[in-house]
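Our numbering numbers the first residue of the sequence shown as 1 and each following residue consecutively.
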Amino acid sequence: MTVVEFHFDYNYKDIISVPAKALRAKKILLSSIFILIALILFNCCAYLGLIIEGYSIPDIYNNHGLLPIDNFALSSYPAILFYYYIGPFLALFSIMTGTMVVAVIDFEQLRGNPFLSYIQSIKFGLGRIRQLFLSELVIALFIALIVIMGIIVGLITRIPYIGELLYSVFFFFPNFIVALFTTLAIFIQLLSVLIMPAAVAADYKGETFRSIVETFLTITRQPVRWVGYTAYSIITAKVASFVFAYFAYRAVQLLQFMTGLGGGAKIDKIIASGISHLPLDSPVVQFIANLFPGINFGFEPLFPTQVTSESLAGYIMAISLFLIFLIIWGYVLSIVATGQAYAFAIIKKKRDNYKITDEDSLFFESAWVDRQTNSEDYSKQ
1 MTVVEFHFDY
11 NYKDIISVPA
21 KALRAKKILL
31 SSIFILIALI
41 LFNCCAYLGL
51 IIEGYSIPDI
61 YNNHGLLPID
71 NFALSSYPAI
81 LFYYYIGPFL
91 ALFSIMTGTM
101 VVAVIDFEQL
111 RGNPFLSYIQ
121 SIKFGLGRIR
131 QLFLSELVIA
141 LFIALIVIMG
151 IIVGLITRIP
161 YIGELLYSVF
171 FFFPNFIVAL
181 FTTLAIFIQL
191 LSVLIMPAAV
201 AADYKGETFR
211 SIVETFLTIT
221 RQPVRWVGYT
231 AYSIITAKVA
241 SFVFAYFAYR
251 AVQLLQFMTG
261 LGGGAKIDKI
271 IASGISHLPL
281 DSPVVQFIAN
291 LFPGINFGFE
301 PLFPTQVTSE
311 SLAGYIMAIS
321 LFLIFLIIWG
331 YVLSIVATGQ
341 AYAFAIIKKK
351 RDNYKITDED
361 SLFFESAWVD
371 RQTNSEDYSK
381 Q
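Below, the structure is given as structure tokens:
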């Protein structure tokens, strides 16, 4: 049942509006939450890996802060596993889950339900984590199976004469054809980081196979359109993050100036103390402080003083400044998630002539009708 009619053109006009549609407190907050979860998981694994390697926690924190991203020459296999594999995987999967949570808000709005709450969105995401994980796992296992078969074929060639002959005879078919399809599967597995969360969020019944098929069809049936829509959303997300970061930086400076008129140098020391705990030279900070990588157009987040303080106020200030940084990246993820949701809906319409706007909401409640009726009655008065 549709509660509120949502105008959707199913073309490029909807994609153009993505940055504006993503600029919603609900989406940015949810995106920020899952980015924070990703950072926590990565940091835990990174610190654990470095501790296994022999680093001490004070040394890690003093040299790298809360985001130990560096080209560490690790020799211990457990350390390498945690730092370079488990940590990045958990962080990436958390961000994909956040993308799915934001995408379901867009799909529910297309279905006529603009009232999806934070809790419902998170519950949906948690309920579909298994589907998202299995969808990626099935593709990975398929690729692994083909690789194992390739190894077996290679072993057969060790048989004198017959092995070489069989390898040559079956090189084009089926070996080359299978390898070609496997290459496509690997390519789609990499791109699925972007589109799979939207496919899972749009799936009505929560079927793993369906989300895999939709991911493949979205990329292979309309590749130019999907690449174009994705490129636009990523580019606008980068530009938007730069603009957001610049104004946030100037807002902090303005707040520092205004409060400094009353608090004097103490204000500078408090803010500088908080900044001293943050990795301003980190690649993730420099990324949003510059318009585009390789283009020398940006700003340097500098402040009048750099004072290191172990006071409680300094740590609380660091948390406050970190939250500003977090919502900037939250907006980036919100744009990408909304872009993928809209791209999925448009391509499905172009491909199958199927409109998601014709679907009923997954979360229908009679209270929405009452809320909409009351709103219409109020507007008539």
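All C-beta atoms, glycine included, are put in the ideal place defined by N, C-alpha and C.
Being a predicted model, the structure only gives us computed values, none of them experimental.
Of the residues the options, which one's Cα is nearest the Cα of residue i?
i: Ala343; options: Ala202, Ala248, Ser117; result: Ala202
i: Ala46; options: Ile146, Tyr61, Phe34; result: Tyr61
i: Tyr246; options: Phe6, Val224, Pro301; result: Pro301
i: Ile15; options: Ile271, Thr230, Thr357, Ser320; result: Thr230
i: Ile312; options: Trp226, His277, Ile295; result: It is worth fixing the name first, because residue 312 is Leu in this sequence and not Ile. Taking only the C-alpha atoms, the option nearest Leu312 is His277.
i: Ile80; options: Ser94, Gly260, Leu92, Leu48; result: Leu48
i: Gly314; options: Ile267, Ile119, Tyr10, Ile346; result: Ile267
i: Met317; options: Ala272, Ser117, Leu30, Phe172; result: Ala272
i: His7; options: Leu362, Lys355, Phe363; result: Lys355
i: Gly65; options: Gly294, Ile188, Phe299, Ile275; result: Ile275
i: Val200; options: Phe82, Thr97, Phe363; result: Thr97
Which residue comes first and which comes last in the alpha helix (DSSP H) that contains residue i?
i: His64; result: 57 to 64
i: Gln400; result: With the chain covering only 1 through 381, there is no way to say anything about residue 400.
i: Asp352; result: 312 to 352
i: Ala265; result: 265 to 276
i: Phe216; result: 208 to 221
i: Ile80; result: 77 to 80
Give the C-beta separation of residue i and residue j to the nearest angstrom, bearing in mind that I take them to be a contact with Cβ-Cβ under 8 Å.
i: Ile152; j: Ala185; result: Not quite, the Cβ-Cβ distance comes to about 18 Å (not below 8 Å), so this is no contact.
i: Ile219; j: Ile195; result: 7 Å
i: Phe156; j: Leu166; result: It should be pointed out that residue 156 corresponds to Ile in this sequence rather than to Phe. About 6 Å; that satisfies the 8 Å criterion.
i: Phe124; j: Val104; result: 5 Å
i: Phe383; j: Ser94; result: A question about residue 383 goes unanswered here, because the residues of the chain that appear run from 1 up to 381.
i: Gln256; j: Thr99; result: So it is not a contact: roughly 34 Å between Cβ atoms.
i: Ser31; j: Ala337; result: 7 Å
i: Pro78; j: Ile52; result: 5 Å
i: Arg351; j: Leu217; result: 7 Å
Using a Cβ-based criterion (distance less than 7 Å to any ligand heavy atom), does residue i qualify as near the ligand PLP?
i: Leu362; result: The model on display carries no ligand, and the ligand PLP is accordingly not part of it.
Which runs of the beta strand (DSSP E) at least 3 residues long sit entirely within the stretch 135 to 181? Give them in chain order. none
Taking 8 Å as the threshold, find out whether the stretch 247 to 255 comes into contact with the stretch 37 to 56 through three or more Cβ pairs. no
Touch test, the stretch 9 to 29 against the stretch 330 to 345, Cβ-Cβ under 8 Å, three pairs minimum: yes
Could you tell me which whole alpha helix (DSSP H) segments of length 4 or greater appear in the stretch 4 to 51? 12 to 16, 18 to 22
Closer than 8 Å is the cut-off here; do at least three beta carbon pairs connect the stretch 122 to 139 with the stretch 202 to 212? yes
What are the uninterrupted segments assigned as alpha helix (DSSP H) that are 4 or more residues long and contained completely in the stretch 85 to 132, given in chain order? 87 to 110
Count the CB pairs spanning the stretch 101 to 113 and the stretch 78 to 89 that are closer than 8 Å, and state whether there are at least three. no
Could you tell me whether the stretch 321 to 331 touches the stretch 67 to 84, using the rule of 3 or more Cβ pairs below 8 Å? no
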